[in-house]
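Structure first, then comments.
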Amino acid sequence: MKRLIIALAVLASACATAPGSSDPTIATIETGQLKALQAKGVLAFKGIPYAAPPVGAMRWKAPAQAAKWDGLKDATGYGPICMQKMPNPDNGIGQYPASEDCLTLNVFTQDLAKAKRPVMVWIHGGGFVNGSGSAELYDGSQLAKHGVVVVTLNYRLGRFGSFAHPLLTKEAAGGPVANYGMLDMVASLEWVKRNIGAFGGDAGNVTIFGESAGGMAVQKLMTMPMAKGLFHKAAVQSGAGRENVVYLDKPNPRGLPSAESDGEAFAKSLGVTATTPADLRAISADAIIAAGDPSTFAGGGPIIDGKIIPMTVVETFLQKKEAQVPYLVGYNSAEFPAKPEDVDASLTRTIGARTADLPALTATYPDKADMAARIVGDIVFGEP
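So that you can map any letter, position 361 of the sequence shown is 360 in numbering that gives the first Met the number 0, and since no number is skipped, the others follow by simple counting.
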């Protein structure tokens, strides 16, 4: 009898775990079961919701937790990319359709064995106004073959991801405002912490890495108190060092208006005399896209609000308040093409008044085009 009871217990245990283990392409996470695409020698789980759709009354709010689903969810195809103005198509953008309902991520893994593999979370670039985690360029299959679990993600872009208005600040009553795209990234890292074990990943060994605006986002995450403990290593590829930041409720030192003032002006430019947050949220997504976004280098992107992002990256690092994790940073020798004459004029404006040696210094670079490319890279991406 004792042997029979033990045998039945073992059988019951096997039956209880069968839905998550009998098929090597099915993973079970907190919100339900997922069916992977098996291709390129790995399993790819695509279009996984990591937060609730930020639509309707949830536009310009912090992301909420994703809802559970019944049955088996098909995770063999990517979800929509986030709303953006489509530039000339390339493999760094991803494919339409675009939607406000875009908070999904993708997981690439060798298999679902409880192997506790290192996890690498990729944050795409695009000036905080375009791009996606589903772009062909960011397919994580090849990297996953090297024994890591790769995560790529979408986050809100443009004015959907970085937007402020006094009405929204008042509505939040001290809660998070303005930096919705950065809050999406935090939500994705929280999802990784809770769920990555189901894909063979180690939630205690997470590296965040990104390029261009993605690299800038990594820097921002290193300054954000709410991101503390959600990653353990960081790598920045060509992330701008001294971007022209914008503040929530005051002008910046270079004269850019506050994010709230910009938000008021934006609403008025669309003919919206807003008296409630609902008036702002009634603006169509297409109208927001058609109105355009500020350039990253003119203050677009994340906003210094004093809470989510307490201070600039430079200030945070100078005060040694950044995340204390291994940090890899680099940039290229030819980040941007630039006209030598434009660089000469810029150098004259910025340092010509401080030294009489400028002509002699620039003369040491016989290849003026190379000099221009290197200087632009140094100014935008290498310094500090």
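For every residue, glycine included, the Cβ atom is placed at its ideal position computed from N, Cα and C.
> Just to confirm, does F230 get its C-beta within under 7 Å of one of the non-hydrogen atoms of the ligand ADP?
Replying inline: For the structure depicted, the ligand ADP is absent and the ligand set is empty, with no information on it obtainable.
> Hey, P53 and L104: beta-carbon distance below 8 Å or not?
Replying inline: The count along the sequence shown starts at 1 and reaches residue 53 at position 54. The count along the sequence shown starts at 1 and reaches residue 104 at position 105. With respect to L104, P53 sits apart: the two C-beta atoms are not nearer than 8 Å.
> What's the call for A8, buried or exposed, on a 16-neighbour Cβ count within 10 Å?
Replying inline: Mapped onto the sequence shown, residue 8 falls at position 9. Because A8 carries a pLDDT of 34, less than 50, the predicted location of this residue cannot be relied on, and the following value inherits that uncertainty. Exposed is the call here.
>> Taking DSSP's pairing of strands, which residues face N178 in a bridge?
In response: One-based indexing of the sequence shown puts residue 178 at position 179. In the DSSP assignment, N178 forms a beta bridge with S161.
> What number of angstroms, rounded off, separates the C-alpha of N204 from the C-alpha of V148?
Replying inline: In the sequence shown, the residue the question calls residue 204 occupies position 205. In the sequence shown, the residue the question calls residue 148 occupies position 149. One C-alpha to the other measures close to 10 Å.
> Comparing alpha-carbon positions, which option in E263, F159, Q218, S133 lies nearest Q323?
Replying inline: Taking the first residue of the sequence shown as 1, we reach residue 323 at position 324. Ranked by Cα distance from Q323, the first of E263, F159, Q218, S133 is Q218.
>> Given a cut-off of 8 Å on the beta-carbon distance, is the pair L167 and L279 in contact?
In response: For the purposes of this step, residue 167 is identified with residue 168 of the sequence shown, where counting begins at 1. For the purposes of this step, residue 279 is identified with residue 280 of the sequence shown, where counting begins at 1. Between L167 and L279, the gap from beta carbon to beta carbon is short of 8 Å.
>> Which same chain residues end up closer than 6 Å to P392 when comparing Cβ atoms and leaving out the 5 residues on each side of it in sequence?
In response: Not covered by the structure: residue 392. The range shown for the chain is 0 to 383.
>> If contacts are defined as beta-carbon pairs under 8 Å, then G300 and A233 qualify, I think. What distance do you get, rounded to the angstrom?
In response: Residue numbering aside, residue 300 sits at position 301 when the sequence shown is read from its first letter. Residue numbering aside, residue 233 sits at position 234 when the sequence shown is read from its first letter. Rounded, the Cβ-Cβ distance is 18 Å, inconsistent with contact.
> What are the start and end residues of the alpha helix (DSSP H) that includes A286?
Replying inline: Here the question's residue 286 lines up with position 287 in the sequence shown. Counting along the chain, the alpha helix (DSSP H) containing A286 begins and ends at 284-290.
>> Looking at the secondary structure, which residues open and close the beta strand (DSSP E) in which I119 lies?
In response: Here the question's residue 119 lines up with position 120 in the sequence shown. A small correction: the amino acid at residue 119 is Met; Ile does not occupy that position in the sequence shown. From DSSP, the beta strand (DSSP E) with M119 extends over 116-122.
>> Using CA atoms only, rank isn't needed, just tell me which of I195, P79, A26 is closest to Q94.
In response: Here the question's residue 94 lines up with position 95 in the sequence shown. Looking from the CA of Q94, the closest CA among I195, P79, A26 belongs to P79.
>> Just to confirm before moving on: does the CB-CB distance between Q236 and F198 stay below 8 Å?
In response: Indexing the sequence shown from 1 puts residue 236 at position 237. Indexing the sequence shown from 1 puts residue 198 at position 199. No, they are not a contact pair.
> So who's on the other strand from C81, going by DSSP bridges?
Replying inline: On the sequence shown, position 82 is the one that residue 81 refers to. Answer by DSSP bridge pairing, in chain order: S98.
>> Could you check whether W121 and T447 sit closer than 8 Å to each other, using their CB atoms as the reference points?
In response: Nothing can be reported for residue 447: it is not among the residues displayed for the chain, which extend from 0 to 383.
> Is there contact between the region 54-66 and the region 113-130, where contact requires at least three CB pairs shorter than 8 Å?
Replying inline: Contact between the region 54-66 and the region 113-130 is absent, because fewer than three Cβ pairs lie under 8 Å.
> By the 10 Å Cβ neighbour count, where 16 or more other Cβ atoms means buried, how is G228 classified, buried or exposed?
Replying inline: Taking the sequence shown and counting its residues from 1, the one referred to as residue 228 is at position 229. Flag for G228 reads exposed.
>> My output table needs one value for M0: the three-state DSSP class, helix, strand or coil.
In response: Numbered from its first residue, the sequence shown carries residue 0 at position 1. Summary for M0: the model assigns pLDDT 35, below 50, so the residue's position carries little reliability; its value from the coordinates is reported in the next sentence. The three-state reading of DSSP puts M0 in coil, since its state is none of H, G, I, E or B.
>> Can you check which of these residues, A290, T27, E99, is closest to A264 by C-alpha distance?
In response: Taking the first residue of the sequence shown as 1, we reach residue 264 at position 265. Distances from the alpha-carbon of A264 to those of A290, T27, E99 put A290 closest.
>> For a cutoff of 8 Å on Cβ pairs, would you count M119 as touching chain D?
In response: Of the protein chains in the structure, only one exists, and it is not chain D.
> Can you tell me where the beta strand (DSSP E) with A63 in it begins and where it stops?
Replying inline: Counting from 1 along the sequence shown, the entry for residue 63 is found at position 64. Secondary structure note for A63: it is in no beta strand (DSSP E), with a DSSP letter that is neither H nor E.
> What number of angstroms, rounded off, separates the C-alpha of N129 from the C-alpha of E210?
Replying inline: Walking along the sequence shown from the start, residue 129 turns up at place 130. Walking along the sequence shown from the start, residue 210 turns up at place 211. Straight-line spacing of the CA atoms in N129 and E210 works out to 13 Å.
> What residue does the alpha helix (DSSP H) around I47 start on, and which one ends it?
Replying inline: As a first step, residue 47 must be located in the sequence shown, where it is residue number 48. For I47, there is no enclosing alpha helix (DSSP H); the enclosing beta strand (DSSP E) has its first and last residue at 41-48.
>> Beta-carbon within less than 7 Å of L3's beta-carbon, same chain only, minus the 5 sequence neighbours each way: which residues are those?
In response: In the sequence shown, counting from the first residue as 1, residue 3 sits at position 4. A caution first: L3 carries a pLDDT of 32, below 50, which makes its placement in the model unreliable, though a value can still be read off. Closer than 7 Å at the Cβ level, and outside the excluded window around L3, lies no residue.
> In angstroms, rounded to a whole number, what distance separates the CA positions of A273 and Y246?
Replying inline: On the sequence shown, position 274 is the one that residue 273 refers to. On the sequence shown, position 247 is the one that residue 246 refers to. A273 and Y246: Cα-Cα distance of roughly 22 Å.
>> I'd like the list of long-range same chain contacts for F44, defined as Cβ closer than 6 Å, with 5 residues on each side in sequence excluded.
In response: Position 45 of the sequence shown holds residue 44. If the five residues before and after F44 are omitted, its C-beta is found closer than 6 Å to the C-beta atoms of L33, A35, A74, V106, all from its own chain and listed in chain order.
>> Just verifying my parser: in three-state terms, what is the DSSP assignment at G31?
In response: Mapped onto the sequence shown, residue 31 falls at position 32. For G31, the three-state secondary structure derived from DSSP is strand.
> Which residue comes first and which comes last in the alpha helix (DSSP H) that contains G214?
Replying inline: Position 215 of the sequence shown holds residue 214. First-last of the alpha helix (DSSP H) with G214: 212-222.
>> Here's the rule: buried if 16 or more other CB atoms are within 10 angstroms of the residue's CB, otherwise exposed. What is Q141?
In response: Here residue 141 corresponds to residue number 142 of the sequence shown, with the count starting at 1. With fewer than 16 other Cβ atoms within 10 Å, it is exposed.
>> Looking at I302: is its Cβ nearer than 8 Å to the Cβ of N178?
In response: Here the question's residue 302 lines up with position 303 in the sequence shown. Here the question's residue 178 lines up with position 179 in the sequence shown. For I302 and N178, yes; Cβs fall inside 8 Å.
> Unbroken beta strand (DSSP E) runs of length 3 or more, entirely within the region 303-383: which are they?
Replying inline: Within the region 303-383, the complete beta strand (DSSP E) runs of at least 3 residues are 326-329.
> Given that a residue counts as buried once 16 or more other Cβ atoms are within 10 Å of its Cβ, and exposed if not, what is P325?
Replying inline: Counting from one through the sequence shown, the residue named residue 325 turns up at place 326. P325 is exposed by the Cβ-count criterion.
> In three-state DSSP terms, what is T103?
Replying inline: Within the sequence shown, numbered from 1, the residue matching residue 103 stands at position 104. In the three-state scheme derived from DSSP, where H, G and I count as helix and E and B as strand, T103 is classed as strand.
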